[in-house]
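One point on numbering: in this note's numbering, the residue at position 38 of the sequence shown is 171, and numbering is uninterrupted.
Here's the structure, in structure tokens; my notes come after.
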Amino acid sequence: SIDQTHLTTQVLGTFGYLDPEYFYSSQFTEKSDVYSFGVVIVELLTGKKAVSTFGSQEKRGLVSYFMSSMEENHLLDIVDAEIGKDDQKDEVVAVAEIAKRCLNLDGRYRPTMKEVAMELERLRTRQGDCIPINQLKQAEIVVRKSTESWDFTSFSTEQFPDCSITSTSKSDVHPLMLESNSLQDL
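Laid out in structure tokens, this is it:
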């Protein structure tokens, strides 16, 4: 249940992802995972690792850097260039707001993972399901190798009318399920 906690005798976790409340109290809750997920979102937005240091002269972690950038309205200055394009600004800000809520120091004010998932899904569906056709075809081939019984032939370009077609190389596509001997190919 959401309100249940678990008391441990020692603090375990990866520095940079660890819920500050858990670090101080050794009480792990469902909201501890929400904090860690918020860190992962920030890593994806910035292209930086959680345990790096940021700022010109200040030594601080990614979460602190992200939160101060949000407060100072400088979010787009720290966002990875690949996702910080002008036409994606609103989506980036919306995802950053979700991350900010996940990173609340007081776990009581963090959303649940279900709420986070629903909000991310709402953002995704608001933008449509635009998957480049070539990526879809490449993914079909890769998955078919691992799971011959699955039928992906029902996909068509009519399902994604607003998508632009882009080229994809074999190195851009990795299987969803790896066979033991395919690990050497990566």
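From the three backbone atoms N, C-alpha and C, an ideal C-beta is built for every residue, glycine too.
From a predicted model like this one, the values you see are computed outputs, not experimental measurements.
If you follow the beta strand (DSSP E) that residue i is in, where does it begin and where does it stop?
{"i": "residue 162", "result": "160-162"}
Taking the alpha helix (DSSP H) that residue i belongs to, which residues open and close that run?
{"i": "residue 226", "result": "222-235"}
{"i": "residue 216", "result": "No alpha helix (DSSP H) holds residue 216; DSSP gives it neither H nor E."}
{"i": "residue 196", "result": "195-204"}
{"i": "residue 152", "result": "Careful: residue 152 lies outside any alpha helix (DSSP H) and carries neither H nor E."}
{"i": "residue 210", "result": "208-211"}
In or out: residue i buried (at least 16 other Cβ within 10 Å) or exposed?
{"i": "residue 214", "result": "exposed"}
{"i": "residue 175", "result": "buried"}
{"i": "residue 258", "result": "exposed"}
{"i": "residue 250", "result": "exposed"}
{"i": "residue 212", "result": "buried"}
{"i": "residue 170", "result": "buried"}
{"i": "residue 199", "result": "buried"}
{"i": "residue 154", "result": "buried"}
Is the beta carbon of residue i sitting closer than 8 Å to the one on residue j?
{"i": "residue 235", "j": "residue 168", "result": "yes"}
{"i": "residue 246", "j": "residue 166", "result": "yes"}
{"i": "residue 181", "j": "residue 240", "result": "no"}
{"i": "residue 208", "j": "residue 202", "result": "yes"}
{"i": "residue 173", "j": "residue 196", "result": "no"}
{"i": "residue 256", "j": "residue 232", "result": "no"}
Rounded to whole angstroms, what's the CA-CA distance from residue i to residue j? Just pull it up for me.
{"i": "residue 342", "j": "residue 162", "result": "Residue 342 is absent from the model: the chain starts at 134 and stops at 319."}
{"i": "residue 177", "j": "residue 158", "result": "28 Å"}
{"i": "residue 242", "j": "residue 229", "result": "16 Å"}
{"i": "residue 206", "j": "residue 184", "result": "23 Å"}
{"i": "residue 193", "j": "residue 221", "result": "28 Å"}
{"i": "residue 252", "j": "residue 210", "result": "24 Å"}
{"i": "residue 238", "j": "residue 219", "result": "31 Å"}
{"i": "residue 204", "j": "residue 160", "result": "29 Å"}
{"i": "residue 224", "j": "residue 248", "result": "17 Å"}
Using a Cβ-based criterion (distance less than 7 Å to any ligand heavy atom), does residue i qualify as near the ligand ATP?
{"i": "residue 229", "result": "Within the structure as shown, the ligand ATP is missing, as the structure has no ligands at all."}
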